[in-house]
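Peer 1: As given, the protein sequences belong to chains A and B, one line each in that order. For the first sequence, the residue numbers in our numbering are 1 to 246. For the second sequence, the residue numbers in our numbering are 1001 to 1223. So that we are looking at the same thing, I have put the structure below in structure tokens.
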Amino acid sequence: MKRRNFLVAAGAAFVAGCNKVAESDAGSKLLGAAEKWHQGAHRLLTNREALAPEYPKSAISPYFRGNGSTDPQNGDYPAQAASGFADWRLEVRGLVENPMSLSLDNIRKLPQRTQVTRHDCVEGWSAIGEWTGPQLSLLLDAAKLKPEARFIVFRCADNLNGQDYYESIDLIDAYHPQTIVAHLLNGEPLPIKNGAPLRMRIERQLGYKHAKYLTAIEAVASLEEIGKGQGGYWEDRSGYQWYAGI
Amino acid sequence: MKRHALSTRIWHWLNLVCLVVLFMSGLTISNAHRRLYWGDWGFAPGQAWLAVPRFPDWMTIPGYYSLAVARDWHILMAWPFALLLCFMWIAMLVNRHFKRDLMTTRKEWAPRAIWNDIVQHLKLNFDHEGGKFNFLQKLAYGLVLGVFLPMMVFTGIAISPGMEPTFGWMVDLLGGRQSARSLHFIFAFALFGFFVVHVLLVILAGPFGQIRDMITGGKSHEA
């Protein structure tokens, strides 16, 4: 028992030291910088167009787990869901020459990409599903990005713990061939738990980047003025890494 | 000549700091999803090969549940850990520590020689003539430096989705992302097992002299 007490005390002292480092200015800067080093290394080692693995249909998981918001009850989402999302609009706005507002029908009529990919949650689990939808690059080209646009922000219908979900990526991931606005999962319209009627697929990053219940795609020059400025719901709320390729 | 080269001593202590932070923050990350799977995917209890217990706060970094903060620590310390391991391997090959002290000879793999080594260990007789390390030490240090530590780096790279477009072959080689995650966990605990035995043997062999020599370098018996 004594030895265990010693271990607990030693562990606690070490953890307290780590917390001190993390809370100090230099320490938190260092912790934030490491994320950028990984992003830099990934970008250095990986072609900007390089694809995440795609699987045969036989590899698809028996069902696709939903996480985070799985049944939004805020705003008019429940009414939209009841009407089969007949009036759903997706706006493309912000730093673009031609702002657009698209219906689900508009989106279904665009050229489609279908990909069987693996979804990795930050918690550690993975699921494989087949996603279908137009490439984001198609929408951005149609709307014509202004030269000062640096990031693409995804606005979502779900409100989680009192805050609207949102996410953001840089233009490299925005123009990546596998970055699609998905409306089908395994050939069926998206289930509500997986983001009906539209969700993003950002295949080279973790699940929280793949914004669900998508209402708008916004081109911006900086993320500072959006939400609490960290680039996404989980980034703002809990300090999750904006670059989620690791 | 010193008993431990300067490069060995620097690596030993810095690596210890890296491993402790990586292991303790890794326990928090494990707490985020306490199941392990084989293959490419897995997310539900029926698919798991192991249900992992929840690690209490006193053994995790940070000392409360925060996956985001634990990932910050893990992601930070991965850098010095991997770079130091490269440094140690280069140093070991250049100063011939590997060839002289760690590489086993065919003679040592004879069952009788191994048995004799085990018996000597159980008798707590740590004097060994000839080389610096006996067979079991060579085997343990060789496994740690040659397999366990590098596998932590490889499996870590394999579970990073941003690395996969380039290192997909590594993920395939390890049997899929969830297999790589399971192996990351298994090798982490293999290292923890080594740590426990290593510390125990240091205590049995006289901790004062052992730790002093790992700091100052000590004196080689051969000198």
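Just so you know, even glycine gets a beta-carbon here, dropped at the ideal spot from N, CA and C.
What did DSSP end up calling W1073/B once you bin it into helix, strand or coil?
Peer 2: It is helical.
Peer 1: Measure the C-alpha to C-alpha separation of P1111/B and V1197/B and round it to an integer number of angstroms.
Peer 2: 22 Å
Peer 1: Is it right to say D173/A is buried, meaning 16 or more other beta carbons lie within 10 angstroms of its own, or is it exposed?
Peer 2: buried
Peer 1: What are the boundary residues of the alpha helix (DSSP H) that L1006/B is part of?
Peer 2: L1006 to A1032
Peer 1: Please list the partners that S61/A has in chain B, where partner means a Cβ-to-Cβ separation under 8 Å.
Peer 2: W1041 and F1043
Peer 1: Can you look up S137/A in the DSSP assignment and give me helix, strand or coil?
Peer 2: helix
Peer 1: State yes or no: is the C-beta of V15/A within less than 8 Å of the C-beta of I1118/B?
Peer 2: no
Peer 1: Once the 5 residues before and after R1210/B are set aside, which same chain residues still bring their CB inside 6 Å of it?
Peer 2: Checking the sequence, you will find Gln at residue 1210/B rather than Arg. Closer than 6 Å at the Cβ level, and outside the excluded window around Q1210/B, lie V1202.
Peer 1: What runs of the alpha helix (DSSP H), each 4 residues or longer, lie entirely inside the stretch 1106 to 1167 of chain B?
Peer 2: 1111 to 1122, 1135 to 1143 and 1149 to 1158
Peer 1: Look up C156/A in the DSSP assignment and say whether it is helix, strand or coil.
Peer 2: strand
Peer 1: Could you please give me the residues that DSSP links to R1035/B through a beta bridge?
Peer 2: R1035/B pairs with A1051/B.
Peer 1: Considering only C-alpha positions, which residue in the set G232/A, M200/A and G187/A is nearest to S137/A?
Peer 2: M200/A
Peer 1: Quickly, what does DSSP pair G129/A with across the bridge? List them, please.
Peer 2: Beta-bridge pairing links G129/A to T117/A.
Peer 1: Among Q205/A, G245/A, R204/A and A196/A, which one has its Cα closest to the Cα of P78/A?
Peer 2: That would be A196/A, whose Cα lies nearest to the Cα of P78/A.
Peer 1: Say whether the stretch 207 to 216 of chain A touches the stretch 1174 to 1189 of chain B, bearing in mind that this needs 3 or more beta-carbon pairs closer than 8 Å, one atom from each stretch.
Peer 2: no
Peer 1: For E148/A, count neighbouring Cβ atoms within 10 angstroms of its own Cβ and tell me buried if that reaches 16, exposed if not.
Peer 2: exposed
Peer 1: Tell me the DSSP secondary structure of T46/A in three-state form.
Peer 2: coil
Peer 1: Rounded to whole angstroms, what's the CA-CA distance from A1223/B to A1005/B? Just pull it up for me.
Peer 2: Since pLDDT at A1223/B reaches only 41, below the 50 mark, its modelled position is unreliable, and the value read off the structure follows with that caveat. Cα-Cα distance, rounded: 14 Å.
Peer 1: Can you tell me whether F1043/B is helix, strand or coil according to DSSP?
Peer 2: If DSSP states are grouped into helix, strand and coil, F1043/B belongs with coil.
Peer 1: From A50/A to T1166/B, what does the alpha carbon distance come to, in whole angstroms?
Peer 2: 7 Å
Peer 1: Are there 16 or more other CB atoms within 10 angstroms of the CB of R48/A, so buried, or fewer, so exposed?
Peer 2: exposed
Peer 1: Please report the Cβ distance between G232/A and W242/A, rounded to the nearest whole angstrom; I am assuming they are in contact, meaning their Cβ atoms lie under 8 Å.
Peer 2: 7 Å
Peer 1: Could you check if A1180/B is buried or exposed, using at least 16 other CB atoms within 10 Å of its CB as the buried criterion?
Peer 2: buried
Peer 1: Beta-carbon within less than 6 Å of C18/A's beta-carbon, same chain only, minus the 5 sequence neighbours each way: which residues are those?
Peer 2: none
Peer 1: Going along the chain, which residues of its own chain have a beta-carbon closer than 6 Å to the beta-carbon of T1104/B, five neighbours each way excluded?
Peer 2: K1138
Peer 1: Just verifying my parser: in three-state terms, what is the DSSP assignment at P189/A?
Peer 2: strand
Peer 1: Using C-beta distances below 6 Å, list every residue in its chain close to Y240/A, excluding the 5 sequence neighbours before and after it, in chain order.
Peer 2: W234
Peer 1: Could you tell me which chain A residues have their CB closer than 9 Å to the CB of I1075/B, listed as they occur along the chain?
Peer 2: Those within 9 Å of I1075/B in chain A are L31, A34, E35, W37, H38, Q241 and I246.
Peer 1: Taking just the CA atoms, how far does P1207/B sit from P1254/B?
Peer 2: The displayed coordinates of chain B run from 1001 to 1223. Any statement about residue 1254/B would go beyond what the structure contains.
Peer 1: CA-CA distance, M1088/B and W1011/B?
Peer 2: Distance between the alpha carbons of M1088/B and W1011/B is about 6 Å.
Peer 1: Quick check on E35/A: does DSSP put it in helix, strand or coil?
Peer 2: helix
Peer 1: Cβ of G124/A less than 8 Å from any chain B Cβ?
Peer 2: Interface residue, yes.
Peer 1: Do V1052/B and R1034/B have their beta-carbon atoms positioned less than 8 Å apart in this structure?
Peer 2: yes
Peer 1: Just the Cα atoms here: how many angstroms apart are I1114/B and L1136/B?
Peer 2: 8 Å
Peer 1: Which of the three DSSP states is assigned to I180/A in this structure?
Peer 2: strand
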